Amino acid sequence: RKEVEQDPGPFNVPEGATVAFNCTYSNSASQSFFWYRQDCRKEPKLLMSVYSSGNEDGRFTAQLNRASQYISLLIRDSKLSDSATYLCVVNSPTANTGFQKLVFGTGTRLLVSP
Amino acid sequence: DTAVSQTPKYLVTQMGNDKSIKCEQNLGHDTMYWYKQDSKKFLKIMFSYNNKELIINETVPNRFSPKSPDKAHLNLHINSLELGDSAVYFCASSQVWGNLQETQYFGPGTRLLVL
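Same order as they appear, the protein sequences are chains A and B.
Each residue of the first sequence is one higher than the one before, starting from 841 at the first, in the working numbering.
Each residue of the second sequence is one higher than the one before, starting from 8 at the first, in the working numbering.
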């Protein structure tokens with residue numbers, strides 16, 4: 841089982857739609873959670889961190905459910921420029937050392953059409 | 008521009024060759040990383056260095072040897088290239104090791120194709 845699992849999509853939505861992505865993680869020792877965005881043939885960039893209390897940044901809302909080991913991202917009023925791959929990222933201890941490392945999901949592809 | 012930069016951007020080479028990828032960050036960060044993103048877009052950490060010292064080595068074959076001459080540079084040398092090494096290699100950096108909320112900043116990637 842992958843440590844971070846996401847639906848690969850693609851999610852095809854019209855402009856203005858609301859879309860939600862989900863992610864599950866398997867390592868209960870994971871302590872930090874993020875959503876990164878990766879445009880086609882570009883590098884990943886941090887979209888937002890995810891906090892237990894839930895957090896919002898403009899049209900983007902992230903939620904974390906530690907009991908269910910589940911993370912979500914909600915995008916309201918989708919724009920054409922939101923088309924990208926959204927990577928669920930978990931900061932987990934490495935085996936044997938205890939050092940933390942980022943573990944990436946394979947991403948969910950979003951296509952927003954006019 | 009403040010950024011993480013990598014060279015070369017594209018690398019096409021034959022099996023069995025040895026090649027290097029260079030990475031530099033001018034963000035003043037202490038920690039640098041190498042990631043591999045395969046054809047299925049799965050991004051996986053390979054190495055992490057903190058202040059020139061190796062912190063994480065994710066069971067990468069010995070053919071891959073990172074070198075950090077100073078904390079602003081982390082290079083990756085690959086010996087005896089194999090077809091399976093074809094991927095996009097991303098360098099990244101973060102300010103401080105051990106801060107669980109630390110943002111990682113990625114370079115533009117090096118697209119390696121082994122023929």
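Every residue gets a Cβ at the ideal spot worked out from N, C-alpha and C, and that includes glycine.
In this text, all values refer to a predicted model and were calculated from it rather than measured experimentally.
Check                                                                                                                  : Outcome
Amino acids of chain A, ordered along the chain, whose beta-carbon sits closer than 8 Å to that of P115/B              : K882, E883
Selected residue, minimal CA-CA separation from Q871/A, among Y910/A, D847/A, R881/A, N862/A                           : Y910/A
Buried versus exposed, by CB contacts within 10 Å (16 or more), D922/A                                                 : buried
Nearest-angstrom Cα separation, counted from S908/A out to L61/B                                                       : 34 Å
Spatially closest choice to P73/B from F54/B, A79/B, N58/B, by CA coordinates                                          : F54/B
Ranges of the beta strand (DSSP E) found wholly within the region 860-889 of chain A, counting only runs of at least 3 : 872-878
Spatially closest choice to K16/B from V853/A, K882/A, V930/A, by CA coordinates                                       : K882/A
Neighbourhood of D25/B by C-beta, 6 Å cutoff - its chain only, sequence neighbours within 5 removed                    : N86
Candidates R906/A, W875/A, G894/A, of which the one nearest F944/A by Cα                                               : W875/A
Boundaries of the beta strand (DSSP E) in which R949/A is found, first to last residue                                 : 948-953
Per DSSP, cross-strand counterpart(s) of E896/A                                                                        : T901/A
Cα-Cα separation, V19/B to L119/B                                                                                      : 6 Å
Status (buried if at least 16 other CB within 10 Å, exposed otherwise) for Y891/A                                      : exposed
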